[in-house]
Amino acid sequence: MNGVAIRFKDPSEALAAGIGLLPESRKEQGLITSFTILHNVSLNNYGKYLLGHFFINRRREFQDARTAMQQVRVKAPSPNTRVDNLSGGNQQKVVIARWINHTMKVLIFDEPTRGIDVGAKAEIYQLMREFTARGYSIIMISSELPEVIGMSDRVCVFRAGGIVATVEGEAINSAQIMIHATTGRIQHVT
Amino acid sequence: MSHDADAMTGGQAEASSTPLWKSIIHSPLALPRAGLIVVSILMGLASDNFFSVSNILNVLRQVSIVAILAVGMTFVILTGGIDLSVGAVMALAGTMAAGLMINSGMPGYVGLLAGVGIAVGLGLFNGLLVAWGRMPAIIVTLATMGIARGAGLIYSGGYPISGLPSWISWFGVGRIGMIPVPVIAMVIVYALAWVLLERTAFGRHVYAIGGNETAARLSGVKTNRIKIAVYAISGLTAGLAAIVLTGRLMSGQPNAGVGFELDAIAAVVLGGTAIAGGRGLVLGTLIGAILLGILNNGLNLMGINPYLQDIIRGFIILLAIYIAREWR
């Protein structure tokens, strides 16, 4: 982080350092599906809403959740809608809304468009661009080549558990990446 | 079903444009409430005394100990855990409190506080083993149950410790106005638990862990801390129940509270809390505890054989859970 290598033993430490995760499986790892959008968005951000160090300022919580929900364009009647009633794309946007409600430095998006329809995919790409425009860094983990090529500034190609190549700028094209991905040797980076 | 979710997780009033009857039916408290009303009416029909003020206060006083234990149990079950140790921990706390007063000559309040402290300590012990030790709650608390029961019996030699200062009976049989002190204690404990669950970040995280622990942890919630805290709360309510129990019995009874953990679990489940966690309300637990108390009281008033009472209660719990299953 900022040129210093760091290690976390728990996601809450990463959160405190400004690193957030959008997990691979939104239902198993991302959302509390029995919760409302509101409670999913504020889940890890109650520090913002504490009254007297203890109670939740529910009006501010609601306002922030509604704002975040509009920013990421979740299609739902209200922040009080339960997330298990939403489509996959909208559920993914709720997880994104959780991080837009924070001030983060780095977001890790693990397969952000898996199981999502084409329209919502485009919206999620758009949201990622908005995040980076606001100064966030995004690490996207993806096995879909088109989105890797379309979204990335720098691509690290993994093969058999290690980085085999890092390509930047003009070199990001499908031929280059596929060559590395199929024939690359793991380089030991120190 | 968004009203459902609001009520369950203490949501906003902004979605309340639905008619009142609908929100009552869809409330997670609907079934516990209906059960309470039906059982009350049946008992009222079966016995003239049932609806008298003195009998109602008597029922509330009788349920207070299990109801207080059930508060801590609600926190634990909401996270998807279970605490089988509460009955034994309560007995140990009461026995130690009495022993410290009588055998060690400590002032009464020190003894009571020490009892509560022991109970909280055992709760923390459970929580640490479940959270950091990654051991199953049912096994950890089963072991603690045995340890606490055995420790109480060794400490007391198996006999009740009596001769307590007379003011201690105030906690068990005293009254403020006409309201019994245990009932007031019960109401205060429920009010505090409600605030904690519905209005604080801690409460939200308790529900989140029961709803999806992995998601809560990956989003940065300190799940281990919350889990340790809920077992400590369960220890705390066992300690508070021990004060009421000690006041009522006017002695430390190492054999008290056998099976109370099961009554507490029954109260939580009858109150509509999902045994897998994530859904439920502490007020439901209060209704569940009162429901159990009314059943006991009514069956007693009707003069039914106590062994048969156990069977009837068992079937009523099964029926309640079955109906609740169909409802959702």
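Chains as they are written, first to last, in my numbering: chain W, 33 to 222; chain X, 1447 to 1774. Quick reminder that beta carbons are idealized off the backbone N, C-alpha and C, glycines included.
Show which residues of chain X have a CB atom less than 8 angstroms away from the CB atom of residue i.
i, result
"I64(W)", "Y1653, A1654, G1657, N1658, A1661, A1662, G1724"
Name the chain W residues whose beta carbon is nearer than 8 angstroms to that of residue i?
i, result
"A1577(X)", "Within 8 angstroms Cβ-Cβ: nothing; A1577(X) doesn't reach chain W, min ~12 angstroms."
Let's see if you can read the secondary structure: which residues bound the beta strand (DSSP E) around residue i?
i, result
"S169(W)", "169-173"
"F1521(X)", "Where F1521(X) is concerned, there is no enclosing beta strand (DSSP E), although the alpha helix (DSSP H) it sits in stretches over 1499-1524."
"A197(W)", "194-200"
"F190(W)", "186-191"
"D96(W)", "Not the beta strand (DSSP E): D96(W) falls in the alpha helix (DSSP H), residues 90-103."
"G50(W)", "No beta strand (DSSP E) holds G50(W); DSSP gives it neither H nor E."
"A139(W)", "Correcting the residue identity first, residue 139(W) is Leu in this sequence and not Ala. First-last of the beta strand (DSSP E) with L139(W): 138-142."
Which residues in the same chain have their Cβ closer than 6 angstroms to the Cβ of residue i, if we skip the five residues on either side of it in sequence?
i, result
"R191(W)", "A213, G216"
"A1735(X)", "V1509, V1512, A1513, A1516, A1713"
"V1562(X)", "G1685"
"K125(W)", "V104, V106"
"E1707(X)", "L1530, V1532, G1533"
"A129(W)", "V73, A100, M101, V104"
"I51(W)", "V138"
"G167(W)", "none"
"W1640(X)", "V1728"
"L1570(X)", "A1678"
"V1586(X)", "N1572, L1575, V1576"
Whose C-beta lies closer than 7 angstroms to the C-beta of residue i among residues of the same chain, with five residues either side of it excluded?
i, result
"I1758(X)", "L1745"
"I204(W)", "I181, S184, V187"
"G1730(X)", "P1474, L1475, P1478, G1717, G1718, T1719"
"I1762(X)", "L1741"
"P144(W)", "L54, Q124, I156, M172"
"A1654(X)", "A1662, V1667"
Which one of the options has the shortest CA to CA distance from residue i?
i, options, result
"A1712(X)", "A1766(X), M1748(X), L1747(X), G1724(X)", "A1766(X)"
"N1501(X)", "P1478(X), G1739(X), I1679(X)", "G1739(X)"
"A1722(X)", "R1507(X), I1584(X), R1580(X)", "I1584(X)"
"L1764(X)", "G1567(X), E1644(X), G1481(X), I1750(X)", "G1481(X)"
"G147(W)", "N133(W), S174(W), I140(W)", "S174(W)"
"A1662(X)", "E60(W), I211(W), A49(W), R39(W)", "E60(W)"
"E45(W)", "A1577(X), L1610(X), K1668(X)", "K1668(X)"
"A1565(X)", "R1580(X), S1550(X), D1529(X)", "D1529(X)"
"A1492(X)", "A1654(X), T1525(X), M1748(X), G1545(X)", "M1748(X)"
"A1770(X)", "I1655(X), R1621(X), I1471(X), F1521(X)", "I1471(X)"
"L1558(X)", "T1590(X), I1614(X), G1598(X)", "I1614(X)"
"L75(W)", "N1658(X), W1640(X), I1634(X)", "N1658(X)"
"T1683(X)", "A1597(X), Y1636(X), T1525(X)", "Y1636(X)"
"G1551(X)", "I1607(X), M1591(X), L1599(X), A1537(X)", "I1607(X)"
Counting along the chain, where does the alpha helix (DSSP H) carrying residue i start and finish?
i, result
"R1479(X)", "1476-1492"
"R1595(X)", "1583-1602"
"D1709(X)", "1706-1716"
"G120(W)", "120-132"
"Q158(W)", "150-165"
"Y78(W)", "Segment: none, Y78(W) is in no alpha helix (DSSP H) and carries neither H nor E."
"R1650(X)", "1647-1664"
"E179(W)", "177-183"
"V1576(X)", "1554-1577"
"L1695(X)", "1669-1695"
"V1728(X)", "1728-1747"
"H1472(X)", "1466-1472"
"H21(W)", "Lying before the first or after the last residue shown, residue 21(W) is absent from chain W, which here runs from 33 to 222."
"T1719(X)", "Unbroken run through T1719(X): none, as it is neither H nor E."
"S1615(X)", "1615-1619"
So, at 8 angstroms on beta carbons, what are the nonlocal neighbours of residue i in its own chain, with the 5 sequence-adjacent residues on each side left out?
i, result
"F1648(X)", "L1642, I1672, A1675"
"I1750(X)", "I1758"
"P1553(X)", "M1547"
"T1455(X)", "Residue placement at T1455(X) is flagged as unreliable, the pLDDT there being 42, under the threshold of 50; the coordinate-derived value follows with that caveat. R1650, Y1653."
"F94(W)", "L70, P111"
Applying a beta-carbon distance threshold of less than 7 angstroms, which residues of chain X neighbour residue i?
i, result
"H212(W)", "Within chain X, no residue comes near H212(W); the closest Cβ sits about 30 angstroms away, beyond 7 angstroms."
"L53(W)", "L1664"
"E60(W)", "T1660"
"R130(W)", "S1665"
"I88(W)", "R1645, T1646, A1647"
Report the neighbours of residue i on chain X: residues whose CB is nearer than 9 angstroms to its CB, in chain order.
i, result
"A46(W)", "G1666"
"N133(W)", "Per Cβ cutoff of 9 angstroms: no residues; N133(W) is ~11 angstroms from chain X at best."
"F40(W)", "Those do not exist, as F40(W) stays about 10 angstroms from chain X at its closest Cβ, beyond 9 angstroms."
Comparing the C-beta of residue i with each C-beta of chain B, is any distance below 8 angstroms?
i, result
"L118(W)", "This model lacks chain B altogether, as its protein chains are W and X."
request  = With 7 angstroms as the C-beta to C-beta threshold (strictly closer), list the residues of the region 138-158 of chain W near chain X in chain order.
outcome  = Near chain X, meaning a CB-to-CB distance below 7 angstroms, no residue of the region 138-158 of chain W qualifies.
key: Contacting positions in the region 1473-1500 of chain X - beta carbon closer than 7 angstroms to chain W   = If you check each beta-carbon in the region 1473-1500 of chain X against every beta-carbon of chain W, none falls closer than 7 angstroms.
task = May I ask you to list, following chain order, the residues of the region 1639-1650 of chain X that have a beta carbon less than 7 angstroms from some beta carbon of chain W?
result = Listed in sequence order: R1645, T1646, A1647, R1650.
request  = Residues of the region 186-206 of chain W with a CB closer than 9 angstroms to any CB of chain X: list them in chain order, please.
outcome  = Hits within the stretch: zero.
ask   = Got a sec: which bits of the region 160-182 of chain W sit with their beta carbon under 7 angstroms from any beta carbon on chain X, in order along the chain?
value = Of all residues in the region 160-182 of chain W, none has a Cβ within less than 7 angstroms of some Cβ in chain X.
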